[in-house]
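J.:
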Amino acid sequence: MSNPWIIEIRRGLLWLLLAAVAGTVAGRPALALLLTLGALVAWHALHLVRFVTYLQGGGAAPQQEMPGIWGELYYLVHRLRERNRRSKRRLTDLLARFRASTAALPDGIILLDTDNVIEWFNEMAMQLLELDPQSDIGQRIDNLLRHPEFVAYLRGTEYREPLKLRSPVDDRTMLQFHLVPYGERQFLLVVRNITRTYQLEMMRRDFVANVSHELVTPLTVMAGYLESLSVDESVRRAPWRGALDEMLHQTQRMQHIVDDLLLLSRLEMASPHATAQLPIDIAAMCQELQHQAGTLSGIAQHRIIVEADPTLQVLGDADQLYSAFANLTNNAVKYTPPGGEIVIRWQADGDGAVFEVADSGIGIPAQYIPRLTERFFRVDVGRSRQSGGTGLGLAIAKHVLNLHDATLQIHSVPDQGSRFRCCFPSSRVIEVRDPQRVSVL
Numbered sequence: 001m002s003n004p005w006i007i008e009i010r011r012g013l014l015w016l017l018l019a020a021v022a023g024t025v026a027g028r029p030a031l032a033l034l035l036t037l038g039a040l041v042a043w044h045a046l047h048l049v050r051f052v053t054y055l056q057g058g059g060a061a062p063q064q065e066m067p068g069i070w071g072e073l074y075y076l077v078h079r080l081r082e083r084n085r086r087s088k089r090r091l092t093d094l095l096a097r098f099r100a101s102t103a104a105l106p107d108g109i110i111l112l113d114t115d116n117v118i119e120w121f122n123e124m125a126m127q128l129l130e131l132d133p134q135s136d137i138g139q140r141i142d143n144l145l146r147h148p149e150f151v152a153y154l155r156g157t158e159y160r161e162p163l164k165l166r167s168p169v170d171d172r173t174m175l176q177f178h179l180v181p182y183g184e185r186q187f188l189l190v191v192r193n194i195t196r197t198y199q200l201e202m203m204r205r206d207f208v209a210n211v212s213h214e215l216v217t218p219l220t221v222m223a224g225y226l227e228s229l230s231v232d233e234s235v236r237r238a239p240w241r242g243a244l245d246e247m248l249h250q251t252q253r254m255q256h257i258v259d260d261l262l263l264l265s266r267l268e269m270a271s272p273h274a275t276a277q278l279p280i281d282i283a284a285m286c287q288e289l290q291h292q293a294g295t296l297s298g299i300a301q302h303r304i305i306v307e308a309d310p311t312l313q314v315l316g317d318a319d320q321l322y323s324a325f326a327n328l329t330n331n332a333v334k335y336t337p338p339g340g341e342i343v344i345r346w347q348a349d350g351d352g353a354v355f356e357v358a359d360s361g362i363g364i365p366a367q368y369i370p371r372l373t374e375r376f377f378r379v380d381v382g383r384s385r386q387s388g389g390t391g392l393g394l395a396i397a398k399h400v401l402n403l404h405d406a407t408l409q410i411h412s413v414p415d416q417g418s419r420f421r422c423c424f425p426s427s428r429v430i431e432v433r434d435p436q437r438v439s440v441l
C-alpha cells in the first residue's frame, strides 16, 4: 500500500489544480479555489463524523477499501479491534481456567484490595466462611470476620506466620489464615481447614506434657536415692561405683530433658497476647548472662565480652527471655574452644533492637542451620550429649521469641564461629532516658 499521506496530498493538489484551470477559463480563479477548498473540508468533515461514529460503535466500516488517509485509519482501527478481540478471548479463557483451578483448590482464596475490600473469592471460601457472592463482594473483610486477633493480624505488617482461629461458622473447626501481599498493597487471603492437623498437634502436645509430668516424680525419687548412695562411704569403695555414677548422670540428664519438655509445652500453649508486657533491662540481664557463662566456662577461660546499650529495654516476660538468652550463651560456651572469645551484644537495629551472641567456636555447616530449632536436633550428637545438652535449647529460644514477636537469625561459618541474633520489633522496644553506652569485659 502506498503512503496514505502522499495519496491524500496528491488528491488535494489535483482538485486544486483542476479548480484553478476551470476558474481561469471562467475568469473567477479565486472563487473556484475557495469553493474547491470548502468542498475538500466538507468531504473530510463528513468522513470525520463517520469515523467518530464508527469508533463509538454506532456505524459500520466501509464495504470497500478507501484510498488515502481515511482508508488507512479504518484499516488500523480494524486491526487493533481484531487484536483486542483475540486478547479478550485469551483472557476470558485464562480467567475460566483460573476459576476452575481455584474452585478445585482445597483452600479458600479471597482477593482483597488496598482497603481490605473483598474483590473475589472461590467456592471453598464460601463453604469455610459462609460467604455470599451477591452480598459480600465489595464488603470489607474485617466487617465479616470481626475476631480481634484476625483484625490485628489484618492491620499488621508481618505476615510470615499464619493465624490460627476457630471457625466463625463452626467452633469445632480450626482455620488457618495466611495473608500473601502482591501488587500495590493488595492481598491474597488463604483460608485452610487445619482441624485434623490441629487435633493431632494437640494430641502430641498433651502426650508430651502428660508423659513429662508423669516422669518427674519417679526420676526425682531415683535421683534422690542415687545421690544418697553416691555419698555413702561403703559405696565409694565398691567396684560398681562407676556404674552408679553413670546411672546418676543419666538420671539427671533425663530430669533436664523432662524440665525442658515441660517448659516447651507451656510455651507452645501460651499466647503472645497473654505474655507479660513489663519493661525488662536487657543490659542488666547481659551482665547476669556474662557471670553465668563465666561460671560454666570454668577452666576453659573463655573471654566473655558484653556490649550493651542500657537505654534500650524490651516489653515482655523476663524469665522467658532469660531462659532463651541463657540457652544461646551456654551453647556458645560449650562449642567454643578454650581461650576463645564470646561477645554478648544488645543494641539498636533500625527501628527495633537486637540481642546477639557471637563466638569464635567450631561453627555450624550451612546445611544444618535450617534445622537447628527442631526438637532434639543435634549437629554432633556425641558432643552434645557429652556436654549435657538436651537438644531442646534452641527450640525453647525460638518459641520464647515468637511469643515476643521477635525472630531468631543464625549465621555461622565452620571453624570460624557463629552468631545468633534475636531481633525485636519497634513495638517491643522502649528507650529510657540518660543514654550511655557501656562495654563490660
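Each residue of the sequence shown is one higher than the last, beginning at 1 in my numbering.
A virtual CB, placed ideally from N, CA and C, is assigned to each residue, including glycine.
Excluding the 5 residues flanking residue 414 on each side, which residues of the same chain have their C-beta closer than 8 Å to its C-beta?
T.: Only 362, 363, 364, 365 meet the Cβ criterion.
J.: Would you tell me roughly how many angstroms separate the C-alpha atoms of residue 401 and residue 173, rounded to the nearest one?
T.: Cα-Cα distance, rounded: 28 Å.
J.: Determine the closest residue to residue 189 out of 114, 71, 220, with distance taken between C-alpha atoms.
T.: Nearest of 114, 71, 220 to residue 189, Cα basis: 114.
J.: Beta-carbon separation of residue 293 and residue 329 under 8 Å?
T.: Closer than 8 Å, so yes.
J.: Just curious, the alpha helix (DSSP H) that residue 4 is in, first and last residue?
T.: Unbroken alpha helix (DSSP H) run through residue 4: 4-26.
J.: Buried or exposed: residue 135, going by 16 or more other Cβ atoms within 10 Å of its Cβ?
T.: So residue 135 ends up on the exposed side.
J.: In three-state DSSP terms, what is residue 406?
T.: Reduced to three states, the DSSP call for residue 406 is coil.
J.: Buried or exposed: which applies to residue 398, given that a residue is buried once 16 or more other Cβ atoms fall within 10 Å of its Cβ?
T.: Per the 10 Å Cβ criterion, buried.
J.: Who are residue 447's beta bridge partners in DSSP?
T.: Only positions 1 to 441 of the chain appear in the structure, and residue 447 is not among them; the question remains open.
J.: With a floor of 3 residues, list each beta strand (DSSP E) that falls wholly inside the segment 227-307, ordered by position along the chain.
T.: Taking only runs of at least 3 residues, the beta strand (DSSP E) segments lying wholly in the segment 227-307 are 278-280.
J.: Would you kindly work out how many angstroms separate the C-alpha atoms of residue 391 and residue 108, rounded to a whole number?
T.: Taking the straight line from one Cα to the other gives about 38 Å.
J.: Which word fits residue 359, buried or exposed, when buried means at least 16 other C-beta atoms lie within 10 angstroms of its C-beta?
T.: With 16 or more other Cβ atoms within 10 Å, it is buried.
J.: Would you mind reading off the limits of the alpha helix (DSSP H) that contains residue 341?
T.: That residue, residue 341, is in no alpha helix (DSSP H); its beta strand (DSSP E) goes 341-349.
J.: Could you check what DSSP says for residue 377 in three-state terms: helix, strand or coil?
T.: Of the three classes helix, strand and coil, the one that applies to residue 377 here is coil, per DSSP.
J.: What whole-angstrom Cβ distance do residue 431 and residue 321 have, given they're in contact under 8 Å?
T.: Not quite, the Cβ-Cβ distance comes to about 18 Å (not below 8 Å), so this is no contact.
J.: Identify whether residue 118 lies in helix, strand or coil by the three-state DSSP scheme.
T.: Strand, per DSSP.
J.: Taking only three categories from DSSP, how would you classify residue 430?
T.: Strand, per DSSP.
J.: The ligand ADP and residue 280: does the residue's C-beta get closer than 7 Å to at least one heavy atom of that ligand?
T.: Ligands in the displayed structure: none, and consequently the ligand ADP is not present.
J.: How would you call residue 124, buried or exposed, if buried means at least 16 neighbouring beta carbons within 10 angstroms?
T.: So residue 124 ends up on the buried side.
J.: Under a Cβ-count criterion, where at least 16 other Cβ atoms within 10 Å of its own Cβ denotes burial, should residue 182 be classed as buried or exposed?
T.: It counts as exposed.
J.: If distances are taken between C-alpha atoms only, which option among 302, 5, 301, 55 comes closest to residue 68?
T.: Of the listed residues, the one whose Cα sits closest to residue 68 is 5.
J.: For the alpha helix (DSSP H) that residue 101 lies in, which residues bound it at each end?
T.: Residue 101 -> alpha helix (DSSP H) spans 69-104.
J.: In terms of alpha-carbon separation, which member of 131, 257, 314 lies closest to residue 285?
T.: Closest option to residue 285, Cα to Cα, is 314.
J.: Quick one: residues in its chain with C-beta nearer than 6 Å to the C-beta of residue 257, no 5 flanking neighbours on either side, listed in chain order?
T.: Hits under 6 Å: 390.
J.: With a threshold of 7 Å on Cβ separation, who are the neighbours of residue 116 within its own chain once the five nearest residues in sequence on each side are excluded?
T.: Contacts found: 140, 141, 142, 154.
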